[in-house]
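Colleague: For the protein sequence lines, the chains are F and L, in the order given. Each residue of the first sequence is one higher than the one before, starting from 1 at the first, in my numbering. Each residue of the second sequence is one higher than the one before, starting from 533 at the first, in my numbering.
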Amino acid sequence: MQTLASLDYAIILAYLIGTLALGLYIGSKIKTGSDYFLAGRRLPWWAIGMSLVATDIGAVDIVGTGGAAYQHGLAVGNFEWIGCVPAMIIGAFVFIPFFWRSGVYTIPEYMERRFNVAVRSALAVCWIIFMACNLGIMLLASAKMMHVHLGLTVNQCIYLTAFLVGVYTISGGLAAVVYTDMIQCLIMIGGCLLVLVLGIIDLGGIEQFHTKIKQQEQIQRQKQAESAAEQQTLNTAQNELHTSLILPADADTPFPWTGIFFGLALILSPAYWIGNQAIVQRSLGAKSEFDAKAAYVWGALLKNLIPVVVAVPGLIAFVKFPELTDGDQAFPELISHLLPVGLKGLFLAAFLAALMSSIDSYLNSASTIVTNDFYKRFYRRDASDQSLLKIGRIVTLLLVFWAIGFSFFLMKRSEGIYTIFQTLMAFFQGPALAILLTGLLWKRATGIAAFVGFIVGVCFSITLFTLNQEAVYTWLDIDPLFQISEPFLYFSIWAFVVSFSLIVIISFLTKPEPSEKIEGLVFGTKPKRRQA
Amino acid sequence: MTPLHHIGNFIRDLVVQIPLWCVRALFLGTLIAVFLWVLRLPRETTTPDNATHWYQNLKIWACLALAIQIVIYSIF
């Protein structure tokens, strides 16, 4: 992949120009804040569904998932399968229509209607910190991968990406994000499918692929047994780990079944698909309630395909290049060895598509939160729709500058900072789900309880994270709390349990919310008509 | 050792004893439960107001997505 031909560059350029032109064309039709933040509520289900998938899979995920599959096997596919599909289906028929009918712009806005302004602000602050940090991380991580292949410096890649994504997001808002995401989704799946098909053909077909995985696992186990003093410690239950989705609770992997089921499927996944502003915002812009539901079902169908095109290439690399020391090299090695001239350009376009589709969504959603949950809520409550459009564009521009600055700041820091920010989401997703579920499903939940539950839950997950840092537990002379390398799934479980328990207890101890306040905001109460 | 360590160790010892076939049943059971719930949804919540064709019923596509999941978790 290091040597791109003119044809490769032509394909990449065509993709970039096409995306920019589409974004600017859509931008020329944007007239109001509603057009900008919710695409005028005119989005069709097929575009939203593909945008949901494209936003969820970033360029870092393509390389990272392939790398994780190389190192830990197919279990990484859980993040796209049981970690998405059931939550998307339940979200489609239960939560998304509810939000769509309520006519809100953001999830924090719903929180104020249901609870109080403190809950809204706390959630909005968490989201804006997460999104702002994530923008810098995504820019830097992607630039580090891109510069090798494009022959540019990391700095140039950061500026180039920020410029391209910034221009069409500032211009076209959510509509530009969704329609460019749709194209990016097609290119991304097509590019990864290409690697998958060529990889399997190269290995001699599916049967050969399966046989070779087993052989390679056997070789690795023998090596481990030779290096381990006690051969009998190699558990027979760990056979075929590379092709198993369900791994033992004590397996040496970040994906034991306990974390996957309780942390991912029951907590992180519903929190992400029904509570993540960057995800939910596009369904709030659907042209009808049916379109909002259909988008999630369509997205769930597409999600079935994602691990096949993203994780399985990691397994192909596991067979083809067993000597790799870094799993993240799996995808680049495959590209380098499998793809001919022209197709390398197509894959790199797919890689750029994955990168841009995530950054544009977070840019647009962060701008929506700043404009609606801070500017309009605390500064100009009577702001007109036209002025909100102007503010939204200015905030998006400022976020682009912030993302560039923060990515340069991260460049000078150690690698550890990435891990901290990867864990950021797990810090507040559990508590966020607790307030969302109790708010939507339980009339008795009160504002004070939700606020205390949320803040204590976030503090609790940060405490767990801190106690699990080597420097801290060594200093305190205690054992680490968790025995797996990246226990972020467990943080979310415990933070959810603490938040949920506190909300229930404090709600019973405080005065119930007036019934007229929660009417139409909790299941089982009379629905309100959608506001224009 | 903090109280959190004791709680953690107790739970860890408990879940390690659960055989993997039980875990697979838990995963499949969850997916099947969602599948059955979708099947029981009233038609008016899964189709548009002016639906004229069978493929406009979201229940079919949601069940398809879940059925693929059930097959995947049965095999792998």
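Note that beta-carbon positions come from the ideal geometry of N, C-alpha and C, so glycine has one too. No experiment lies behind these values; they were computed from the predicted model shown.
Around the Cβ of P535(L), are there at least 16 other Cβ atoms within 10 angstroms (buried) or fewer (exposed)?
Modeller: Walking along the second sequence from the start, residue 535(L) turns up at place 3. Classification for P535(L): exposed.
Colleague: Establish whether the CB of A532(F) and some CB of chain L are separated by less than 8 angstroms.
Modeller: Translated into the one-based positions of the first sequence, residue 532(F) becomes position 532. Caution applies to A532(F), whose pLDDT of 41 falls short of 50 and renders its modelled position unreliable; the model cannot decide the point.
Colleague: Taking just the CA atoms, how far does R444(F) sit from R114(F)?
Modeller: In the first sequence, residue 114(F) corresponds to position 114, counting from 1. In the first sequence, residue 444(F) corresponds to position 444, counting from 1. Roughly 11 angstroms separates the two Cα atoms.
Colleague: Taking Cβ to Cβ, would you say A75(F) is nearer than 8 angstroms to L301(F)?
Modeller: One-based indexing of the first sequence puts residue 75(F) at position 75. One-based indexing of the first sequence puts residue 301(F) at position 301. The answer is no: Cβ separation not under 8 angstroms.
Colleague: Could you tell me if F37(F) is buried or exposed, where buried requires 16 or more neighbouring beta carbons within 10 angstroms of its beta carbon?
Modeller: Within the first sequence, the letter at position 37 stands for residue 37(F). That one is buried.
Colleague: Is DSSP giving L481(F) helix, strand or coil here?
Modeller: Start at 1 with the first residue of the first sequence, and residue 481(F) comes out as number 481. Three-state result, L481(F): coil.
Colleague: Within this structure, are the beta carbons of A162(F) and T169(F) separated by less than 8 angstroms?
Modeller: Residue mapping note: residue 162(F) aligns to position 162 of the first sequence, counting from 1. Residue mapping note: residue 169(F) aligns to position 169 of the first sequence, counting from 1. No, they are not a contact pair.
Colleague: Between G345(F) and T180(F), is the Cβ-Cβ spacing less than 8 angstroms?
Modeller: Taking the first residue of the first sequence as position 1, residue 345(F) is located at position 345. Taking the first residue of the first sequence as position 1, residue 180(F) is located at position 180. In this structure, T180(F) does not lie closer than 8 angstroms to G345(F) by Cβ.
Colleague: Report yes or no: is there a C-beta of chain F within less than 8 angstroms of the C-beta of H585(L)?
Modeller: Residue numbering aside, residue 585(L) sits at position 53 when the second sequence is read from its first letter. So no, H585(L) is outside the interface.
Colleague: Relative to the alpha-carbon of I462(F), which residue among L433(F), G447(F), L476(F), M425(F) has its alpha-carbon at the smallest distance?
Modeller: As a position in the first sequence, residue 462(F) is number 462, starting the count at 1. Ranking L433(F), G447(F), L476(F), M425(F) by Cα distance to I462(F) puts M425(F) first.
Colleague: Throw me the rounded Cβ distance for the L348(F) and H149(F) pair, which I believe falls under 8 angstroms.
Modeller: Indexing the first sequence from 1 puts residue 348(F) at position 348. Indexing the first sequence from 1 puts residue 149(F) at position 149. So it is a contact: roughly 6 angstroms between Cβ atoms.
Colleague: Who are the neighbours of I493(F) on chain L, taking C-beta pairs under 8 angstroms?
Modeller: Within the first sequence, numbered from 1, the residue matching residue 493(F) stands at position 493. What I493(F) touches in chain L: nothing, since even the nearest Cβ is about 10 angstroms away.
Colleague: Taking the C-alpha atoms as reference points, what is the distance between D250(F) and I26(F)?
Modeller: Position 250 of the first sequence holds residue 250(F). Position 26 of the first sequence holds residue 26(F). In a straight line, the C-alpha of D250(F) is about 51 angstroms away from that of I26(F).
Colleague: Return the bridge partner residues of A47(F) from the DSSP annotation.
Modeller: Residue 47(F) sits at position 47 when you count from the first residue of the first sequence. Answer is none; A47(F) lacks a bridge partner.
Colleague: Report yes or no: is there a C-beta of chain L within less than 8 angstroms of the C-beta of L43(F)?
Modeller: Working through the first sequence from its first residue, we reach residue 43(F) at position 43. No, because no Cβ of chain L sits closer than 8 angstroms to the Cβ of L43(F).
Colleague: Considering only their Cβ atoms, is the gap separating G285(F) from Y490(F) smaller than 8 angstroms?
Modeller: For this step, residue 490(F) is matched to residue 490 along the first sequence. For this step, residue 285(F) is matched to residue 285 along the first sequence. Not a contact, by the Cβ cut-off of 8 angstroms.
Colleague: A286(F) by DSSP, collapsed to three states: which one?
Modeller: Within the first sequence, numbered from 1, the residue matching residue 286(F) stands at position 286. If DSSP states are grouped into helix, strand and coil, A286(F) belongs with the strands.
Colleague: Given a cut-off of 8 angstroms, decide if S492(F) and I267(F) are closer than it, judged by their beta-carbon atoms.
Modeller: In the first sequence, counting from the first residue as 1, residue 267(F) sits at position 267. In the first sequence, counting from the first residue as 1, residue 492(F) sits at position 492. Contact flag set, yes.
Colleague: Interface residues of chain L around K293(F) at Cβ under 7 angstroms?
Modeller: Counted from its first residue, the first sequence places residue 293(F) at position 293. Simply L590.
Colleague: Hey, does L563(L) have any beta-carbon neighbour from chain F nearer than 8 angstroms?
Modeller: Residue 563(L) sits at position 31 when you count from the first residue of the second sequence. Yes, because at least one Cβ of chain F sits closer than 8 angstroms to the Cβ of L563(L).
Colleague: Reducing DSSP to helix, strand and coil, say where Q329(F) ends up.
Modeller: The residue labelled residue 329(F) in the question sits at position 329 within the first sequence. Helix at Q329(F).
Colleague: Using only the alpha-carbon positions, how far apart do Q231(F) and R544(L) sit?
Modeller: For the purposes of this step, residue 231(F) is identified with residue 231 of the first sequence, where counting begins at 1. For the purposes of this step, residue 544(L) is identified with residue 12 of the second sequence, where counting begins at 1. Low per-residue confidence applies at Q231(F): pLDDT is 46, beneath 50, and the placement is therefore not dependable, though the value from the model is reported in the following sentence. The straight-line gap from Cα to Cα measures roughly 24 angstroms.
Colleague: Note down the Cα distance separating F209(F) from A311(F), rounded to an integer number of angstroms.
Modeller: Numbered from 1 along the first sequence, position 209 holds the residue referred to as residue 209(F). Numbered from 1 along the first sequence, position 311 holds the residue referred to as residue 311(F). Going from the Cα of F209(F) to the Cα of A311(F) covers about 14 angstroms.
Colleague: When you compare only the Cα positions, how much space is there between I448(F) and L568(L)?
Modeller: Here residue 448(F) refers to the residue found at position 448 when the first sequence is read from its first residue. Here residue 568(L) refers to the residue found at position 36 when the second sequence is read from its first residue. One C-alpha to the other measures close to 37 angstroms.
Colleague: Under 8 angstroms, with one C-beta from each stretch per pair, do the segment 432-443 of chain F and the segment 129-140 of chain F reach the 3-pair mark?
Modeller: Segments in contact, no.
Colleague: Between which two residues does the alpha helix (DSSP H) containing Y159(F) stretch?
Modeller: Here residue 159(F) corresponds to residue number 159 of the first sequence, with the count starting at 1. First-last of the alpha helix (DSSP H) with Y159(F): 154-203.
Colleague: For the segment 300-330 of chain F, which segments carrying the beta strand (DSSP E) assignment without a break, of at least 3 residues, lie completely within its bounds, in sequence order?
Modeller: Listed in chain order, nothing qualifies, since the segment 300-330 of chain F has no complete beta strand (DSSP E) run of 3 or more residues.
Colleague: Anything in chain F within Cβ reach of F542(L), meaning under 9 angstroms, just list it in chain order.
Modeller: Counting from one through the second sequence, the residue named residue 542(L) turns up at place 10. By Cβ distance, chain F contributes nothing, its closest Cβ being about 13 angstroms from F542(L), past 9 angstroms.
Colleague: Return the residue from the list I564(L), Q549(L), Q588(L) that minimises the CA-CA distance to D291(F).
Modeller: Position 291 of the first sequence holds residue 291(F). Measuring from the Cα of D291(F), the nearest candidate turns out to be Q588(L).
Colleague: Spell out whether any CB of chain F is found under 8 angstroms from the CB atom of R575(L).
Modeller: Along the second sequence, one-based indexing puts residue 575(L) at 43. False, the Cβ-Cβ gap to chain F never drops below 8 angstroms.
Colleague: Is there a Cβ of chain L sitting closer than 8 angstroms to that of F290(F), yes or no?
Modeller: If you number the first sequence from 1, residue 290(F) lands on position 290. Answer yes: the Cβ-Cβ gap between F290(F) and chain L drops below 8 angstroms somewhere.
Colleague: Going by C-alpha to C-alpha distance, which of K320(F), S269(F), R377(F) sits closest to L203(F)?
Modeller: Your numbering for residue 203(F) matches position 203 in the first sequence. Measuring from the Cα of L203(F), the nearest candidate turns out to be K320(F).
Colleague: Could you tell me the alpha carbon to alpha carbon distance between V167(F) and F428(F), rounded to whole angstroms?
Modeller: Reading the first sequence from its first residue, position 167 is the one you call residue 167(F). Reading the first sequence from its first residue, position 428 is the one you call residue 428(F). If you take the alpha carbons of V167(F) and F428(F), they lie about 31 angstroms apart.
Colleague: Does chain F have any CB closer than 8 angstroms to the CB of L598(L)?
Modeller: As a first step, residue 598(L) is located in the second sequence; it is residue number 66 there, counting from the start. Chain F, which has a Cβ nearer than 8 angstroms to the Cβ of L598(L), makes this yes.
Colleague: Can you give the Cα-Cα distance for T55(F) and A366(F), rounded to whole angstroms?
Modeller: Position 55 of the first sequence, counting from 1, holds the residue named residue 55(F). Position 366 of the first sequence, counting from 1, holds the residue named residue 366(F). C-alpha separation (whole angstroms): 14 angstroms.
Colleague: E513(F) and T446(F) - do their beta-carbons sit closer together than 8 angstroms?
Modeller: Numbered from its first residue, the first sequence carries residue 446(F) at position 446. Numbered from its first residue, the first sequence carries residue 513(F) at position 513. In this structure, E513(F) lies closer than 8 angstroms to T446(F) by Cβ.
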